[in-house]
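Heads up, the thing below is written out as structure tokens.
Protein chains: 2
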Amino acid sequence: MAVVSREEFYEISPADFFYRNRDIAGFSNPARALYSAVRELVENSLDAGELARRPPDIYVRLSCDGEKGEEGSSVYTLRVEDNGSGVPARHIPQAFGQVFYGSKYRLRQARGTFGLGGTMAILYGQITTNSPVHVISSADGKRIHEYTLMIDIKNNRPIVLKHKVYSNHNGWRGTIIETKLEGEYSRAMPKILEYFRQTAVVAPYANLTFVDPKGRLYRFERATEAMPKPPVETKPHPYGIDVETMKRMIAVTQCRDMVSFLREHFHKIGRTIALRFLLEEAKIPPKRKPKRLSNEEIVKLVKAMKRFTGFRAPSADCLSPLGVELFRAGIVKELKPEFVSVKQRPPSVYSGYPFIVEVAIAYGGEIPRTGDIILYRFANRIPLLYDEASDVAWKVVHQLVNWKYYKVDPSKDPVAVFVHVCSTKIPYRSVGKEFIADVPEIEREILNGVRDVARDLSLYLSRKIAVERERQRLDVFEKYLPKIARFSAELAGRNPPDVKPLLKSVVKYGLEEEEGGLTS
Amino acid sequence: MAVVSREEFYEISPADFFYRNRDIAGFSNPARALYSAVRELVENSLDAGELARRPPDIYVRLSCDGEKGEEGSSVYTLRVEDNGSGVPARHIPQAFGQVFYGSKYRLRQARGTFGLGGTMAILYGQITTNSPVHVISSADGKRIHEYTLMIDIKNNRPIVLKHKVYSNHNGWRGTIIETKLEGEYSRAMPKILEYFRQTAVVAPYANLTFVDPKGRLYRFERATEAMPKPPVETKPHPYGIDVETMKRMIAVTQCRDMVSFLREHFHKIGRTIALRFLLEEAKIPPKRKPKRLSNEEIVKLVKAMKRFTGFRAPSADCLSPLGVELFRAGIVKELKPEFVSVKQRPPSVYSGYPFIVEVAIAYGGEIPRTGDIILYRFANRIPLLYDEASDVAWKVVHQLVNWKYYKVDPSKDPVAVFVHVCSTKIPYRSVGKEFIADVPEIEREILNGVRDVARDLSLYLSRKIAVERERQRLDVFEKYLPKIARFSAELAGRNPPDVKPLLKSVVKYGLEEEEGGLTS
Chain A
240 MAVVSREEFY
250 EISPADFFYR
260 NRDIAGFSNP
270 ARALYSAVRE
280 LVENSLDAGE
290 LARRPPDIYV
300 RLSCDGEKGE
310 EGSSVYTLRV
320 EDNGSGVPAR
330 HIPQAFGQVF
340 YGSKYRLRQA
350 RGTFGLGGTM
360 AILYGQITTN
370 SPVHVISSAD
380 GKRIHEYTLM
390 IDIKNNRPIV
400 LKHKVYSNHN
410 GWRGTIIETK
420 LEGEYSRAMP
430 KILEYFRQTA
440 VVAPYANLTF
450 VDPKGRLYRF
460 ERATEAMPKP
470 PVETKPHPYG
480 IDVETMKRMI
490 AVTQCRDMVS
500 FLREHFHKIG
510 RTIALRFLLE
520 EAKIPPKRKP
530 KRLSNEEIVK
540 LVKAMKRFTG
550 FRAPSADCLS
560 PLGVELFRAG
570 IVKELKPEFV
580 SVKQRPPSVY
590 SGYPFIVEVA
600 IAYGGEIPRT
610 GDIILYRFAN
620 RIPLLYDEAS
630 DVAWKVVHQL
640 VNWKYYKVDP
650 SKDPVAVFVH
660 VCSTKIPYRS
670 VGKEFIADVP
680 EIEREILNGV
690 RDVARDLSLY
700 LSRKIAVERE
710 RQRLDVFEKY
720 LPKIARFSAE
730 LAGRNPPDVK
740 PLLKSVVKYG
750 LEEEEGGLTS
Chain B
240 MAVVSREEFY
250 EISPADFFYR
260 NRDIAGFSNP
270 ARALYSAVRE
280 LVENSLDAGE
290 LARRPPDIYV
300 RLSCDGEKGE
310 EGSSVYTLRV
320 EDNGSGVPAR
330 HIPQAFGQVF
340 YGSKYRLRQA
350 RGTFGLGGTM
360 AILYGQITTN
370 SPVHVISSAD
380 GKRIHEYTLM
390 IDIKNNRPIV
400 LKHKVYSNHN
410 GWRGTIIETK
420 LEGEYSRAMP
430 KILEYFRQTA
440 VVAPYANLTF
450 VDPKGRLYRF
460 ERATEAMPKP
470 PVETKPHPYG
480 IDVETMKRMI
490 AVTQCRDMVS
500 FLREHFHKIG
510 RTIALRFLLE
520 EAKIPPKRKP
530 KRLSNEEIVK
540 LVKAMKRFTG
550 FRAPSADCLS
560 PLGVELFRAG
570 IVKELKPEFV
580 SVKQRPPSVY
590 SGYPFIVEVA
600 IAYGGEIPRT
610 GDIILYRFAN
620 RIPLLYDEAS
630 DVAWKVVHQL
640 VNWKYYKVDP
650 SKDPVAVFVH
660 VCSTKIPYRS
670 VGKEFIADVP
680 EIEREILNGV
690 RDVARDLSLY
700 LSRKIAVERE
710 RQRLDVFEKY
720 LPKIARFSAE
730 LAGRNPPDVK
740 PLLKSVVKYG
750 LEEEEGGLTS
């Protein structure tokens, strides 16, 4: 006897989804939630600074109201101020009070990608403290808008409780967010401080100030005023187009033939390549109107794009990697290693998204011996601190690379590996942006990069060993040669000869170059 | 000179979000996508079987059309058939063609939780092959509905291409899904087979049949017809209520006073407790109308609920754990260990969700020596195979437990630990349901459980060592006592005495009981 189901089916809003499943957005417990909230708001501020092309000044204050929450946790007020681009007033309510609403759904390298993090921090604050968020912003430098907001979770819509407009006498631009949330600072502190420290390494043009709940001030001063070349928005590469994207492009295009459609909407397609592709691979007449393509033709077109080998590789012009010098400087400043090698891999592409991998290896100095290689991970200039073992870089460093081959003993040697991936789209595997998927193309680039720098380290270590042996050999000569010379001279009744030229003649390696590691 | 930003802000639909970010739902590459699609559809089928209270018969066929995709991948057809509850016809289009639409947004133990997995498999199939999905289902046993669907990703709505209705002569109930998708079976195979194997262990009442693309048949026959007690829906526990949930409850309640409101809508609150709570802790009059509560009073009420210690612990009646016997049987069948200990922890609660942790440890037998403890993870009777190191159970087993204390050397001993968490809500930290958050309450229960079973193993190992020493000691006696006896007898000119009683008298431990480990 089967029972007929009387299941109720219904729809929930995205805000409701993340309200029910806050764990997947990095808000699993009060400590983690505090870390995630700080991080999401700081990253928005860094992005806003880059957009405004001003070196960011970011001020973060976390204060405890003394109100106790569930075991060990308390209610905190988190205030984040920046001098970035500001948010246009008409977008403020939705940008901060609606999930999946934002300005970052585009092909441009940015820290934010999901249009979720800032809103999630506010949503978490609301459900744990039932307090509204205050957003103060000026995007035009003329007026300052102050909003007091809550989120209608069930309908995924902002509720504006107050909206004030002030005149902006000083032309201030930027954004201030103040929200209350339940947290546990004592457990979150190490991760939050490590987050600021590593962020200072990869964003050396930013001033970061953090005042913690005990009133302690942590200040990371900018090392340079020079902002890196800003990332620019790019067009999609034909290799990564699927039918869905193609249909969306055709729906909005103004182009009236296939050649101009390809040239207008795709990355690095010129007239010659467009014609060759259409005639040789896709077999679609160049004069064809894009909006007239049938469903079958669109599928055919997309498949041909994946097969065609004549497209130019994606350009990395739109990306803003750290650069070898900046990366090296950050590592040297932080860890003072005796050897460091940094490589930038050539730009590559996965699913049509260009990406660049930068890899560094450092040895000795202040790198602690932890019994394993230490891995630092960065993505679009943000440090990734959680869930290391699920990251593609972990897989490369701990499973794919045979360190013995490079004369490295991970259990004994003080070695740190740094991996920075930048892309118009980082394939995060979690909404909390903790780790990167093992997309084959990215994995390959990281692997090649790590092998490159490991080879340099291997050479350095070989040399170090050879130099060590040589030093021991010379020590023997230096110890006995003068004595032998003296005894022989005494025996012969002569003055002892000068042994220095003799000693020099047995030197195999130039010991004086030994410290050159840092420049390799 | 600051540049005024001209950022475009816009809203995207949930389907669009997951289309753009398929990596976070477990669809990072063709191999992983194939695994995730199989898994999501099989789990829906297992849930449907439990709902129908029929031992599930699930048939999965994966066939390759020979069409090549991107490097190494091909287009596959995935067909999953079950004899479960079926989906009511009017819900089919949305249940399979809309993200965040489903029947599982409730307090009941189920494999599915997000209302996302099945739709995500179909969405991934659509964007990689541009083919529609076929859904055939009968929920009432009278009519069979066949839908051919695609997803309008931009608007998160199903598009019905065809809808046929057949009469159902045999009274068949169940669901059949057939979808095309790009995948890479050769790389996905080990995980898919492991998934079926482990699922057979935790769902021994299901018949699972899998036909792979090479035509190989894998069949996991049910070991029992007896279905476990089905999980039932439960009311929320007051401890886990936040203001948002409270407001939603007040909005829908029919109750006209606080006492009946508490009794009606909350888990295990009776009249006495309701009165004590209202008068002593919340200071809200029992006769007060719920719908008249002010915002401040609701906040006060929720805070009082978190403080009040008089509520009864959540009952686990609504949960359906594996049970010690079933768990042990599965482990013994799979690994034939020489020792196994299984414990079910008492029910506990996190954020108002009841949960039960079951933990087992096994030693020796067919457990391979891998150089570390092998961890098997299950949640609501599904095996979790990816991202082990990010799971709370991994943290417990590899970081919190001091194995030396239990006389276990993880690098040498063949030890496997099994952790099963069941709850009305598993706090997954990823949309792909790969790992569980380190919620403090769950972490504590797993830790206590692992310590419990580790203690048993420790006793067994101590005994094993003692028995081994004893055997060596007896070996010495056995070897020399007869000889001494013979020599002494010969010396004395007598017949050698019977040494057996003497040997027996030096036995300290009953060696014959040594194999009793399995029953401990």
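As they're listed, the protein sequences go chains A and B. If you use this note's numbering, the first sequence corresponds to residues 240 to 759, in order. If you use this note's numbering, the second sequence corresponds to residues 240 to 759, in order. All C-beta atoms in this analysis are idealised placements derived from N, C-alpha and C, irrespective of residue type, glycine included.
Test item: CB-CB of residue i and residue j under 8 Å
i, j, result
"residue 325 of chain B", "residue 418 of chain B", "no"
"residue 685 of chain B", "residue 738 of chain B", "no"
"residue 507 of chain B", "residue 554 of chain B", "yes"
"residue 547 of chain B", "residue 520 of chain B", "yes"
"residue 612 of chain A", "residue 649 of chain A", "yes"
"residue 574 of chain A", "residue 606 of chain A", "yes"
"residue 461 of chain A", "residue 444 of chain A", "yes"
"residue 580 of chain B", "residue 456 of chain B", "no"
"residue 447 of chain B", "residue 297 of chain B", "yes"
"residue 708 of chain B", "residue 469 of chain B", "no"
"residue 634 of chain A", "residue 680 of chain A", "no"
"residue 728 of chain A", "residue 740 of chain A", "no"
"residue 670 of chain A", "residue 285 of chain A", "no"
Cutoff 8 Å; reference residue i; Cβ partners in own chain excluding five residues on either side
i, result
"residue 346 of chain A", "472, 473, 474, 475, 557, 592, 663 and 664"
8 Å contact criterion, which residue i and residue j should meet: CB distance rounded
i, j, result
"residue 300 of chain A", "residue 278 of chain A", "Not a contact, Cβ separation roughly 15 Å."
"residue 689 of chain B", "residue 636 of chain B", "6 Å"
"residue 407 of chain B", "residue 383 of chain B", "5 Å"
"residue 363 of chain A", "residue 263 of chain B", "Their Cβ separation, rounded to whole angstroms, is 18 Å, which puts residue 363 of chain A and residue 263 of chain B out of contact at 8 Å."
"residue 433 of chain B", "residue 351 of chain B", "Actually they are not in contact, since the Cβ atoms of residue 433 of chain B and residue 351 of chain B sit about 21 Å apart, beyond 8 Å."
"residue 515 of chain A", "residue 549 of chain A", "6 Å"
"residue 565 of chain B", "residue 485 of chain B", "In fact, because the Cβ distance is near 38 Å, the residues do not count as touching under 8 Å."
"residue 399 of chain A", "residue 335 of chain A", "The pair is not a contact, with the Cβ atoms about 11 Å apart (cut-off 8 Å)."
"residue 657 of chain A", "residue 615 of chain A", "5 Å"
"residue 254 of chain A", "residue 390 of chain A", "6 Å"
"residue 523 of chain B", "residue 482 of chain B", "15 Å between Cβ atoms; not a contact."
Sequence-distant residues of the same chain with beta carbon closer than 7 Å to residue i, five excluded per side
i, result
"residue 312 of chain A", "269, 421, 422 and 423"
"residue 529 of chain B", "489, 492, 494, 497 and 500"
"residue 333 of chain A", "340 and 397"
Residue i at chain B interface by Cβ criterion, 8 Å
i, result
"residue 367 of chain A", "yes"
"residue 550 of chain A", "no"
"residue 334 of chain A", "yes"
"residue 740 of chain A", "no"
"residue 253 of chain A", "yes"
"residue 321 of chain A", "no"
"residue 353 of chain A", "yes"
"residue 538 of chain A", "yes"
"residue 330 of chain A", "yes"
Close Cβ partners of residue i (< 6 Å) along its chain, the five nearest in sequence each way excluded
i, result
"residue 691 of chain A", "582"
"residue 584 of chain B", "596, 684 and 688"
"residue 674 of chain B", "626, 629, 630 and 668"
"residue 604 of chain B", "574, 575, 576 and 577"
Minimum Cβ-Cβ distance from residue i to chain A less than 8 Å
i, result
"residue 482 of chain B", "yes"
"residue 439 of chain B", "no"
"residue 450 of chain B", "no"
"residue 409 of chain B", "no"
"residue 500 of chain B", "no"
"residue 612 of chain B", "no"
"residue 489 of chain B", "no"
With 9 Å as the C-beta to C-beta threshold (strictly closer), list the residues of the segment 672 to 690 of chain B near chain A in chain order.
So the close ones are 673, 674, 675, 676, 677, 678 and 679.
Could you list the residues in the segment 623 to 644 of chain B with a C-beta less than 9 Å from some C-beta on chain A, going in chain order?
Per Cβ criterion, the list reads 625, 626, 627, 628, 629 and 633.
Scan the segment 658 to 671 of chain B for residues whose Cβ lies nearer than 7 Å to a Cβ of chain A and list them as they occur along the chain.
Cβ contacts with chain A: 666, 667, 668, 669 and 670.
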